[in-house]
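Everything below concerns the one structure shown next.
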Amino acid sequence: MKAAVAVALALLSVYLSLDRLSAQGAKPDPDQDQDQDRNQNDRNTHSDETEPKKKKNQPHIIFILTDDQGFNDVGYHNPTIKTPTLDKLAAEGVTLENYYVQPICTPSRSQLLTGRYQIHTGLQHSIIRPSQPSCLPSHMDTLPERLRQAGYATHMVGKWHLGFYRKACLPTRKGFDSFFGSLTGSVDYYSYGSCDGPGLCGYDLHDDEGVAWGQEGKYSTTLFTQRARKILESHDPTDRPLFLLLSLQAVHTPLQTPKSYIYPYRDMANVARRKFAAMVSTVDEAVRNVTYALRKYGYYRNSVIIYSTDNGAQPFTGGSNWPLRGRKGTYWEGGVRGVAFVHSPLLRRRRRVSKALLHITDWFPTLVGLAGGNASESHGLDGFDVWPAISEGRESPRQEILHNIDPLHKPPPQTSHWGAGASGPKKPKKKKKIQGKKIKKQKPKQKSAFRVKTTKKPPRTFSRHAAEPKTKIKPKPKTEPLPKNKPKTRVQPQNQRPPRHNPRPKFYSSGAPPASATSLPRTQIQSRLKSKSRRNTSRIQNQNLTRSRPPRSNPQLELHLRFQNTSLPAVQSPEAPWDASVQAAIRVGDWKLLTGDPGHGDWVPPQVLPTLPGRWWNLERGVSLFPRTSTLKNVWLFNITADPCERQDLADRRPDVVRRLMDRLASYNRTAVPVYFPPDDPRADPSRHGGAWLPWVDDEEDEEEGKYHGVYKKGRSGKKKRKKPRCPLCKLKSFFLKLNTGMMSNRI
Numbered sequence: 022m023k024a025a026v027a028v029a030l031a032l033l034s035v036y037l038s039l040d041r042l043s044a045q046g047a048k049p050d051p052d053q054d055q056d057q058d059r060n061q062n063d064r065n066t067h068s069d070e071t072e073p074k075k076k077k078n079q080p081h082i083i084f085i086l087t088d089d090q091g092f093n094d095v096g097y098h099n100p101t102i103k104t105p106t107l108d109k110l111a112a113e114g115v116t117l118e119n120y121y122v123q124p125i126c127t128p129s130r131s132q133l134l135t136g137r138y139q140i141h142t143g144l145q146h147s148i149i150r151p152s153q154p155s156c157l158p159s160h161m162d163t164l165p166e167r168l169r170q171a172g173y174a175t176h177m178v179g180k181w182h183l184g185f186y187r188k189a190c191l192p193t194r195k196g197f198d199s200f201f202g203s204l205t206g207s208v209d210y211y212s213y214g215s216c217d218g219p220g221l222c223g224y225d226l227h228d229d230e231g232v233a234w235g236q237e238g239k240y241s242t243t244l245f246t247q248r249a250r251k252i253l254e255s256h257d258p259t260d261r262p263l264f265l266l267l268s269l270q271a272v273h274t275p276l277q278t279p280k281s282y283i284y285p286y287r288d289m290a291n292v293a294r295r296k297f298a299a300m301v302s303t304v305d306e307a308v309r310n311v312t313y314a315l316r317k318y319g320y321y322r323n324s325v326i327i328y329s330t331d332n333g334a335q336p337f338t339g340g341s342n343w344p345l346r347g348r349k350g351t352y353w354e355g356g357v358r359g360v361a362f363v364h365s366p367l368l369r370r371r372r373r374v375s376k377a378l379l380h381i382t383d384w385f386p387t388l389v390g391l392a393g394g395n396a397s398e399s400h401g402l403d404g405f406d407v408w409p410a411i412s413e414g415r416e417s418p419r420q421e422i423l424h425n426i427d428p429l430h431k432p433p434p435q436t437s438h439w440g441a442g443a444s445g446p447k448k449p450k451k452k453k454k455i456q457g458k459k460i461k462k463q464k465p466k467q468k469s470a471f472r473v474k475t476t477k478k479p480p481r482t483f484s485r486h487a488a489e490p491k492t493k494i495k496p497k498p499k500t501e502p503l504p505k506n507k508p509k510t511r512v513q514p515q516n517q518r519p520p521r522h523n524p525r526p527k528f529y530s531s532g533a534p535p536a537s538a539t540s541l542p543r544t545q546i547q548s549r550l551k552s553k554s555r556r557n558t559s560r561i562q563n564q565n566l567t568r569s570r571p572p573r574s575n576p577q578l579e580l581h582l583r584f585q586n587t588s589l590p591a592v593q594s595p596e597a598p599w600d601a602s603v604q605a606a607i608r609v610g611d612w613k614l615l616t617g618d619p620g621h622g623d624w625v626p627p628q629v630l631p632t633l634p635g636r637w638w639n640l641e642r643g644v645s646l647f648p649r650t651s652t653l654k655n656v657w658l659f660n661i662t663a664d665p666c667e668r669q670d671l672a673d674r675r676p677d678v679v680r681r682l683m684d685r686l687a688s689y690n691r692t693a694v695p696v697y698f699p700p701d702d703p704r705a706d707p708s709r710h711g712g713a714w715l716p717w718v719d720d721e722e723d724e725e726e727g728k729y730h731g732v733y734k735k736g737r738s739g740k741k742k743r744k745k746p747r748c749p750l751c752k753l754k755s756f757f758l759k760l761n762t763g764m765m766s767n768r769i
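Here my numbering is used: position 430 in the sequence shown is 451, and no number is missing along the way.
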């Protein structure tokens with residue numbers, strides 16, 4: 022048996038050797054070799070062409086941007102808000118607890134897409150409203166454009182709010198392959214109607230560059246989520262990397278949500294807070310559906326999910342930034358400290374909280390770097406590549422943040438030794454000496470104090486700065502000779518009015534009075550209204566009246582023109598490096614400096630949120646519904662690391678730090694471009710475009726950017742705004758009626 026096996030193995034080895042020899046002696050087929058070479062060359066050529074598109078492990082980037090979600094409006098900061106999906110994603114990823122955005126919508130979105138500060142895009146002042154001919158600068162590249170160059174498919178779903186007056190401003194012309202959403206800043210969640218003030222409304226839901234009619238009745242958060250899932254389903258994750266910007270409209274006003282989401286918050290007494298919390302729950306469900314689609318369609322293992330708000334919450338409409346100070350539209354921490362986290366299997370160090378200093382401009386170079394691109398090819402970036410800080414826990418390359426410099430938002434000279442307006446606090450005493458005989462002298466002060474609490478304050482303050490170039494201020498010298506015994510006060514005529522805006526006798530070290538000082542008693546308001554009819558009883562009262570009567574539009578224009586002629590505002594005090602009356606805010610290391618008017622600096626606990634929301638076009642432009650509390654102060658300094666709630670103002674204790682940060686502000690301002698804030702264009706009226714908001718300027722028209730220079734207030738005529746209220750007591754009755762209605766609704 023063994024011999025038979027050995028013979029069989031020997032025969033097999035001989036057969037294999039003969040087969041090998043015959044194969045070596047065979048002639049090669051030239052046609053077959055040419056086909057093989059041609060196929061190899063084609064594969065090499067194809068790989069060369071797709072090399073820039075398919076770089077090593079380009080991750081899919083899903084950026085979820087919410088609107089007006091405050092620091093206290095997420096479950097991992099506030100257990101009463103039910104966001105299980107967001108809590109889990111943040112816990113398994115990296116929670117960003119030292120992350121900053123801008124205080125309102127347009128600036129945050131512009132800095133996300135351009136990676137540049139507002140002072141470098143001309144969007145320093147307010148938002149882009151639907152009727153304004155303004156948008157992102159045409160010469161700047163955007164984040165989706167850079168990602169598209171790296172081989173990405175780019176899609177946007179949701180809110181744009183970066184201008185659309187011409188087609189070149191649309192998202193599909195700024196780097197996105199597709200767009201589905203709204204172009205304006207505030208849209209009804211069911212009807213998709215958007216208004217730019219009373220009587221100027223239109224339909225705002227767009228698919229690419231056309232109007233998406235017929236979607237009424239569908240809740241916008243659900244509709245946007247469905248479109249995002251459809252994009253994920255139709256795209257091949259193995260073919261090209263994907264960049265999806267899901268810019269949800271929620272939780273911006275109006276407060277609308279399906280009733281099923283309100284039921285879990287039925288125990289909340291405040292109606293606005295209850296609806297707001299329900300809208301946050303709709304966002305949580307949207308994120309859950311998107312992450313489920315990422316897992317289902319094969320994106321998740323090679324994806325980066327970024328969640329961020331665009332600004333702080335608006336407490337007047339149910340949001341909460343507690344315990345941070347301030348609200349949306351202000352430069353306090355409540356307006357600029359953002360909720361954000363990163364969730365990704367690609368993170369090297371997960372399940373942690375990051376204290377690295379980050380800003381919304383950092384996403385541009387960070388995401389371009391993740392895509393394999395070179396962010397240095399985009400000139401003038403203000404952001405940093407912070408992926409090592411997020412993924413590996415390294416130190417952030419960012420050491421400072423310029424929150425903004427807004428030269429158009431300039432209140433009257435303040436009673437401070439910093440910068441302009443440093444010589445004002447002694448004048449009320451001198452005025453008392455002159456008019457000591459007259460008892461009625463107090464009444465104009467009461468009236469001016471009442472006016473300071475209203476929105477009529479800025480026009481008169483601007484008129485003082487515009488005294489030189491305008492002829493309408495000429496009546497001033499005719500009424501000035503009264504104070505003959507104090508020639509010193511006539512050296513600087515622009516500082517003669519602060520006594521009328523200085524009704525409070527005390528300074529508050531934190532920039533805000535106690536809770537009892539945040540509102541006026543009704544008896545005082547009535548007495549001040551009565552004093553309005555008796556101001557013609559003295560010559561000085563008439564003099565003050567004439568000083569407060571110049572038109573509000575022209576002086577504002579002159580102030581803006583003064584700041585357009587130079588990038589650095591003039592500093593009246595040679596010792597101060599910065600004009601402290603200019604609205605600005607900067608963060609350097611642990612220190613934060615605010616100058617000018619940073620906005621209403623209150624702390625609003627969620628249990629005392631009001632239930633009388635105002636119109637969004639007023640709230641987003643900084644119209645105060647309550648008296649301002651910082652009229653006597655224009656410089657604040659805080660150590661944010663030690664005092665994140667900004668309760669201890671250190672400006673007087675650390676003048677060295679104040680000057681150092683003012684130097685940084687002056688340095689930044691030398692690089693600023695002029696503010697671009699044009700007036701409304703009547704051609705934007707939706708009634709001229711079939712009832713929808715659409716681009717109204719042809720791209721062929723030569724309409725240079727920067728044509729309009731001036732402080733623009735909404736309204737066709739400033740004179741119409743100066744009309745006296747016909748019935749002041751009627752306003753009080755209306756106020757108490759609304760208050761009673763709100764109290765009853767809370768009880769229900």
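Each residue gets a CB set at the ideal place from its N, CA and C atoms; glycine is no exception.
Less than 8 Å between the CB atoms is what I'm expecting for tyrosine 211 and serine 203, so what's the real figure, rounded? To locate residue 211, count along the sequence shown from 1; it is residue 190. To locate residue 203, count along the sequence shown from 1; it is residue 182. That pair is no contact at about 13 Å.
For tryptophan 804, which beta-bridge partners are listed by DSSP? Here the chain comprises residues numbered 22 to 769, so residue 804 is not present and cannot be evaluated.
Just confirm the distance between the C-beta atoms of valine 679 and alanine 687, as a whole number of angstroms; I'd bet it's less than 8 Å. Stepping through the sequence shown from its first residue, residue 679 is reached at position 658. Stepping through the sequence shown from its first residue, residue 687 is reached at position 666. Not really, about 13 Å apart at Cβ, beyond 8 Å.
Residues near aspartate 108 in its chain [Cβ-Cβ closer than 7 Å; skip 5 each side]: Counted from its first residue, the sequence shown places residue 108 at position 87. The residues are Gly96, Tyr97.
In the DSSP assignment, find the beta strand (DSSP E) that holds glycine 179 and state where it starts and stops. Locating residue 179 in the sequence shown gives position 158, where the first residue counts as 1. First-last of the beta strand (DSSP E) with glycine 179: 174-180.
Which whole-angstrom value is the C-beta distance of serine 155 and tyrosine 689, which I expect to be below 8 Å? Start at 1 with the first residue of the sequence shown, and residue 155 comes out as number 134. Start at 1 with the first residue of the sequence shown, and residue 689 comes out as number 668. At roughly 22 Å, the Cβ-Cβ gap does not stay under 8 Å, so serine 155 and tyrosine 689 are not in contact.
Contact the segment 399-415 vs the segment 359-376: 3+ CB pairs below 8 Å: yes
If contact is defined by three or more beta carbon pairs under 8 Å, each pair taking one atom from either stretch, is the segment 129-140 in contact with the segment 225-238? no
Whose C-beta lies closer than 6 Å to the C-beta of aspartate 403 among residues of the same chain, with five residues either side of it excluded? The residue given as residue 403 occupies position 382 in the sequence shown. These residues qualify, in order along the chain: Arg137, Tyr138, Thr382.
Beta-carbon separation of aspartate 623 and glycine 340 under 7 Å? Numbered from 1 along the sequence shown, position 602 holds the residue referred to as residue 623. Numbered from 1 along the sequence shown, position 319 holds the residue referred to as residue 340. Against a cut-off of 7 Å, the Cβ pair of glycine 340 and aspartate 623 comes out as no contact.
Assuming contact is defined by CB atoms lying nearer than 7 Å, are threonine 127 and isoleucine 148 in contact in what I supplied? As a position in the sequence shown, residue 127 is number 106, starting the count at 1. As a position in the sequence shown, residue 148 is number 127, starting the count at 1. Yes, they are a contact pair.
I need the boundaries of the alpha helix (DSSP H) containing asparagine 83, first residue and last residue. For this step, residue 83 is matched to residue 62 along the sequence shown. In the sequence on display, residue 83 carries isoleucine and not asparagine. That residue, isoleucine 83, is in no alpha helix (DSSP H); its beta strand (DSSP E) goes 81-87.
Endpoints, the alpha helix (DSSP H) within which serine 281 is located: As a working mapping, residue 281 is identified with position 260 in the sequence shown. Here the alpha helix (DSSP H) through serine 281 covers 280-283.
Lysine 251 - DSSP class collapsed to helix/strand/coil: As a first step, residue 251 must be located in the sequence shown, where it is residue number 230. Here lysine 251 sits in helix by DSSP.
Using a 10 Å radius around the Cβ and a threshold of 16 neighbouring Cβ atoms, would you call aspartate 600 buried or exposed? Counted from its first residue, the sequence shown places residue 600 at position 579. Buried is the call here.
Identify, in the order they occur along the chain, each residue of the same chain with its Cβ nearer than 7 Å to the Cβ of glycine 319, setting aside the five sequence neighbours on each side. Position 298 of the sequence shown holds residue 319. Once the five neighbours on either side are set aside, the close Cβ partners of glycine 319 are Pro258.
Residue range of the unbroken beta strand (DSSP E) whose run includes glutamine 604: For the purposes of this step, residue 604 is taken as residue 583 along the sequence shown, with counting starting at 1. Residues 604-609.
For a minimum of 4 consecutive residues, which ranges assigned as the alpha helix (DSSP H) are wholly contained in the segment 282-367? 292-317, 354-357
Taking the alpha carbon of valine 609 as the point to measure from, which residue in Asp701, Thr662, Leu86 has its own alpha carbon closest? One-based indexing of the sequence shown puts residue 609 at position 588. The candidate whose alpha carbon is nearest that of valine 609 is Thr662.
Where the alpha helix (DSSP H) containing arginine 685 begins and where it ends: Indexing the sequence shown from 1 puts residue 685 at position 664. Its alpha helix (DSSP H) spans residues 676-690.
Of the residues Ser152, Tyr284, Ile326, which one's Cα is nearest the Cα of isoleucine 102? For the purposes of this step, residue 102 is taken as residue 81 along the sequence shown, with counting starting at 1. The residue with the shortest Cα to Cα distance from isoleucine 102 is Tyr284.
With valine 656 as the anchor, note down where its beta strand (DSSP E) starts and where it stops. Your numbering for residue 656 matches position 635 in the sequence shown. 656-660 is the extent of the beta strand (DSSP E) around valine 656.
Is it buried or exposed for tryptophan 234, if we count other Cβ within 10 angstroms and need 16 for buried? Working through the sequence shown from its first residue, we reach residue 234 at position 213. Exposed, since its Cβ has fewer than 16 Cβ neighbours within 10 Å.
Burial state of glutamine 628 (16 or more Cβ within 10 Å): Against the sequence shown, residue 628 aligns to sequence position 607. Glutamine 628 comes out exposed.
Helix or strand or just coil, what does DSSP make of glycine 711? Taking the first residue of the sequence shown as position 1, residue 711 is located at position 690. Glycine 711: coil per DSSP, three-state reduction.
Can you say whether asparagine 119 is buried or exposed, counting buried as having 16 or more other CB atoms within 10 angstroms of its CB? The sequence position of residue 119 within the sequence shown is 98, counting from 1. Per the 10 Å Cβ criterion, buried.
Look up aspartate 5 in the DSSP assignment and say whether it is helix, strand or coil. This structure leaves residue 5 out entirely; the chain is present only between 22 and 769.
Can you tell me whether tryptophan 384 is helix, strand or coil according to DSSP? Position 363 of the sequence shown holds residue 384. In the structure shown, tryptophan 384 sits in a helix (DSSP, three-state: H, G or I).
Quick one: is threonine 692 buried, meaning 16 or more other Cβ sit within 10 Å of its Cβ, or exposed? On the sequence shown, position 671 is the one that residue 692 refers to. By the 10 Å Cβ count, threonine 692 comes out exposed.
For methionine 683 and glycine 172, what's the separation of their Cα atoms in angstroms? The count along the sequence shown starts at 1 and reaches residue 683 at position 662. The count along the sequence shown starts at 1 and reaches residue 172 at position 151. When rounded, the distance between both Cα atoms is 43 Å.
Exposed or buried, what is threonine 558 when buried is set at 16 or more other beta-carbons lying within 10 Å of its beta-carbon? Looking up residue 558 in the sequence shown gives position 537. With a pLDDT of 38 at threonine 558, under the threshold of 50, the modelled position of that residue is not reliable, and no figure is offered here.
Local conformation of valine 374 per DSSP, three classes: The residue labelled residue 374 in the question sits at position 353 within the sequence shown. Here valine 374 sits in strand by DSSP.
What whole-angstrom Cβ distance do glycine 223 and proline 700 have, given they're in contact under 8 Å? As a working mapping, residue 223 is identified with position 202 in the sequence shown. As a working mapping, residue 700 is identified with position 679 in the sequence shown. The Cβ separation is near 19 Å, so there is no contact.
By a C-beta neighbour count over all protein chains shown, 10 Å radius and 16 as the cutoff for buried, is glutamine 669 buried or exposed? Residue numbering aside, residue 669 sits at position 648 when the sequence shown is read from its first letter. Glutamine 669 is exposed by the Cβ-count criterion.
State yes or no: is the C-beta of alanine 314 within less than 7 Å of the C-beta of leucine 253? Numbered from its first residue, the sequence shown carries residue 314 at position 293. Numbered from its first residue, the sequence shown carries residue 253 at position 232. Leucine 253 sits close to alanine 314, with the two beta carbons spaced by under 7 Å.
Since I believe valine 363 is in contact with valine 325 (beta carbons under 8 Å), could you give me their beta-carbon distance rounded to a whole number of angstroms? Here residue 325 is taken as the residue at index 304 of the sequence shown, counted from 1. Here residue 363 is taken as the residue at index 342 of the sequence shown, counted from 1. Going by Cβ atoms, the distance from valine 325 to valine 363 rounds to 7 Å, so yes, they are a contact pair.
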